[in-house]
Amino acid sequence: MKNLQSGLLYSLTGAAAVASLASCSAQKKAEEQKQYNIVYIMTDDHTAQMMSCYDHRYMETPNLDRIAADGVRFTNSFVANSLSGPSRACMITGKHSCANKFYDNTTCVFDASQQTFPKLLQQAGYETALIGKWHLESLPTGFNYWEIVPGQGDYYNPAFITQDNDTIQKHGYVTNLITDDAINWMENQRNKDKPFCILIHHKAIHRNWLADTCNLALYEDKTFPLPDNFFDDYEGRPAAAAQEMSIVKDMDMIYDLKMLRPDKESRLKSMYEKYIGRMDEGQRAAWDKFYGPIIEDFYKKNPQGKELANWKFQRYMRDYMKTVKSLDDNVGRVLDYLKEKGMDDNTLVVYTSDQGFYMGEHGWFDKRFMYEESMRTPLIMRLPKDFQRKGDIDEMVQNIDYAPTFLELAGVEVPEDIQGVSLMPLLKGEKPADWRKALYYHFYEYPAEHMVKRHYGVRTDHYKLIHFYNDIDVWELYDLQADPTEMRNIYGQPGTEEIIKDLKAQLTALQEQYNDPVRFSPERDKE
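To convert, take the position in the sequence shown, counting from 1, and add 325; that gives the working numbering.
Structure below.
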């Protein structure tokens, strides 16, 4: 027993020494180059259609536009799994869901012991912080400081979980509060002798789009045209037909559209009452003053059919935009703080969302599908002064690329098991000849809210091939150049044989590259 204990002690101390040497090596390497700060701002369900640096049809986002104007805008930015928790796990590990094991929001708990980029930055001497939405079920690790909202969080007077494992309630609007805490950490709580990386993760613009009271009256004079495919009949796309994320059929009159009245019921009414029940007297008075006349007018007119569909779309768009307005204002506060403190020249500012979102395309809200609106995500960066690159970057990038990018920027060696690719060559203005030509996607959460079938697929600059599986066996093929809105499934049509053969070969290669067990059998979609 004594020998066993001695051997174990030797083993543990030896391992500790190796880990210590590795940590010292990483820190020394990072210190040999200029160390940049990283401010990583991520929102929930903010789609590129609702950012004026990408799309001018709907609203102006002047502070987000500042980032794009002063830096770079990625025009082909995508996610690996269009769902909040899985997307965050991909981002923080630099690995696909099949590797980080966080597949969906309903059954998974993130293994907090695994390698993440904040842990590696810490080892290199960075101060790290996370404030806002985490949504990975386990508590955060790898951060000198963290404060997170439980689950999805609340818009009004939200609770926060602290590092002391205590839950506290703060008074105010969640987007303002997260920004307050982020600025306070940068100004008063971090070690200013060290470079830092802060993750500012907002609840906004997640369903059910409760705007700050100061923005309730905005955009009420705007009328938005319905997307051309709003009344999509999903011909040739049975998985698209089977979803439950239709604005017309599935958007809740009370929970989503705020048409609360004592004599009216809806599936999610009690949840809405819980959310607005968090408001204080003044907040609730402002809320009822605004929505009261709209509720009265709606039930008096009682719109039906296409008139009701249009009414729901208009209310959805306005509520979503009002929630974006607060977010844009608070991004401006962060940018102003960095400039005021003279840190903007030495800081990488990143803005993105955990995925895209449907603003009526195909008649939908929400995300999940591999179709363009949800697989795409905005990505803009304001670069440190030493970087001269500005303008658009057209290469295909994915959220698994963020981790290796931050590590390389910090001078930290990127571990071989990270599946993403550093964007640093692109940020330096290079055009790598061997840059990826195809992206892999895999969505797992079914059956669940919105009932989007499980599927995986490959996307190139020209085509997209998708396989819906599990309780269905359907392939879809889209020519993205001829059919950018993905309305015509051409899988199996004459003349597509070689295209399908090539795409399936690329798909198999990607599944082997990322070691996705689904390649052995669609019935075995998780290890």
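For glycine and all other residues, C-beta sits at the position ideal for the given N, C-alpha and C. Quick caveat, the model's predicted, so the values are computed rather than measured.
One or two residues paired with residue i in a DSSP bridge
{"i": "M706", "result": "V397 and V675"}
{"i": "D804", "result": "Y788"}
{"i": "Q723", "result": "F403"}
{"i": "E291", "result": "In the structure as shown, the chain starts at 326 and stops at 852, and residue 291 therefore has no counterpart that could be examined."}
{"i": "Y365", "result": "L524 and V675"}
{"i": "Q494", "result": "A484"}
{"i": "V474", "result": "K458"}
{"i": "G745", "result": "Note: G745 sits in no beta bridge, so no partner."}
{"i": "V783", "result": "Y765 and L790"}
{"i": "R603", "result": "R603 is not bridged to any residue."}
{"i": "R643", "result": "DSSP lists no partner for R643."}
Straight-line gap, residue i to residue j (C-alpha atoms, nearest Å)
{"i": "E598", "j": "T648", "result": "19 angstroms"}
{"i": "E606", "j": "L652", "result": "24 angstroms"}
{"i": "D537", "j": "E823", "result": "53 angstroms"}
{"i": "D654", "j": "N388", "result": "7 angstroms"}
{"i": "A834", "j": "I525", "result": "35 angstroms"}
{"i": "V674", "j": "T386", "result": "16 angstroms"}
{"i": "K547", "j": "N540", "result": "14 angstroms"}
{"i": "F521", "j": "V659", "result": "15 angstroms"}
{"i": "I572", "j": "Y676", "result": "28 angstroms"}
{"i": "P740", "j": "S438", "result": "16 angstroms"}
{"i": "I743", "j": "G736", "result": "16 angstroms"}
{"i": "I601", "j": "N482", "result": "10 angstroms"}
{"i": "P628", "j": "F549", "result": "18 angstroms"}
{"i": "N490", "j": "A758", "result": "49 angstroms"}
{"i": "H371", "j": "M646", "result": "10 angstroms"}
{"i": "G478", "j": "T821", "result": "46 angstroms"}
{"i": "D841", "j": "R609", "result": "49 angstroms"}
{"i": "L535", "j": "W612", "result": "10 angstroms"}
{"i": "L748", "j": "E697", "result": "22 angstroms"}
Own chain residues within Cβ distance below 7 angstroms of residue i, not counting five before or after
{"i": "L828", "result": "V783, Y788 and L790"}
{"i": "T368", "result": "H527, A529, I530, L652 and S678"}
{"i": "F442", "result": "I417, G419, A728, F731 and L732"}
{"i": "D575", "result": "E569"}
{"i": "D577", "result": "S591, R592 and L593"}
Secondary structure of residue i, DSSP reduced to three states
{"i": "N840", "result": "coil"}
{"i": "F731", "result": "helix"}
{"i": "I551", "result": "One point to set straight first is that residue 551 is Leu, not Ile, in the sequence displayed. Coil."}
{"i": "L535", "result": "coil"}
{"i": "I530", "result": "coil"}
{"i": "Y696", "result": "coil"}
{"i": "D717", "result": "strand"}
{"i": "K458", "result": "strand"}
{"i": "G617", "result": "helix"}
{"i": "V799", "result": "strand"}
{"i": "Y559", "result": "coil"}
{"i": "S571", "result": "strand"}
{"i": "Y662", "result": "helix"}
{"i": "T453", "result": "strand"}
{"i": "W310", "result": "Nothing about residue 310 can be reported from this structure: the residues present for the chain run from 326 to 852 only."}
{"i": "R701", "result": "strand"}
{"i": "W689", "result": "strand"}
{"i": "E848", "result": "coil"}
Residue i and residue j closer than 8 angstroms at C-beta
{"i": "I718", "j": "V397", "result": "yes"}
{"i": "L857", "j": "F399", "result": "Coverage of the chain is limited to positions 326 through 852, which leaves residue 857 absent and any answer about it impossible."}
{"i": "R586", "j": "Y624", "result": "yes"}
{"i": "M700", "j": "N401", "result": "no"}
{"i": "Q488", "j": "W471", "result": "yes"}
{"i": "M776", "j": "D557", "result": "no"}
{"i": "Y794", "j": "C423", "result": "no"}
{"i": "I815", "j": "D798", "result": "no"}
{"i": "V474", "j": "A484", "result": "yes"}
{"i": "F694", "j": "S407", "result": "yes"}
{"i": "R643", "j": "E545", "result": "yes"}
{"i": "N554", "j": "H687", "result": "yes"}
{"i": "T702", "j": "V364", "result": "no"}
{"i": "F690", "j": "Y641", "result": "yes"}
{"i": "G476", "j": "H460", "result": "yes"}
Test: residue i CB closer than 8 angstroms to a CB of chain C
{"i": "L805", "result": "No chain C appears in this structure, which consists of one protein chain only."}
Contact set for residue i: own chain, Cβ-Cβ below 6 angstroms, skip 5 residues either direction
{"i": "I508", "result": "Y662"}
{"i": "T504", "result": "N655 and R658"}
{"i": "T453", "result": "P443, L446, Q447, F468, N469 and C522"}
{"i": "D395", "result": "R707"}
{"i": "T466", "result": "A437"}
{"i": "Q374", "result": "D380 and M684"}
{"i": "E801", "result": "I791, N814 and Y816"}
{"i": "P847", "result": "Y794"}
{"i": "N425", "result": "A414 and T418"}
{"i": "I825", "result": "none"}
{"i": "G561", "result": "N814"}
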